[in-house]
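Numbering (my numbering), first residue to last: 371 to 483. Quick notes on the structure that follows.
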């Protein structure tokens, strides 16, 4: 998880807002109680889990981010916080390689050969 504090301001609260973004979907621990225990039943749990994981991912997994304003100053652009401009592009082109060890992952054993 990444927390970005921006934009910096020259007055209190000094930070316009917080952006929360994850490179990978976060793991959410679920424990249903009471009538919610019905969701722990086989078949139902997986479906409920998928809906919750997808909902969480839609809010905080890159490129989407959760933006929380700390200031209501017009200087703080919430649209820019939720959808920042790219800071750059990195392009890598592999031109060649030599003396690499031959390795392959076995799908049946899950080990490298």
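Every residue gets a Cβ at the ideal spot worked out from N, C-alpha and C, and that includes glycine. Keep in mind that this is a model prediction, so the values were computed, not measured.
Asked	Found
As a quick exercise: from 424, 419 and 453, pick the residue whose alpha carbon is nearest that of residue 435.	453
Roughly how many angstroms separate the alpha carbons of residue 410 and residue 480, rounded to a whole number?	30 Å
Can you give me the start and stop residues for the alpha helix (DSSP H) that residue 441 sits inside?	Segment: none, residue 441 is in no alpha helix (DSSP H) and carries neither H nor E.
Identify every run of the alpha helix (DSSP H) within the segment 403 to 473, keeping only runs that are complete inside it and at least 4 residues long; order them along the chain.	414 to 430 and 448 to 452
Which residues in the same chain as residue 394 place their Cβ atom closer than 8 Å to its Cβ, once the five residues preceding and following it in sequence are excluded?	431
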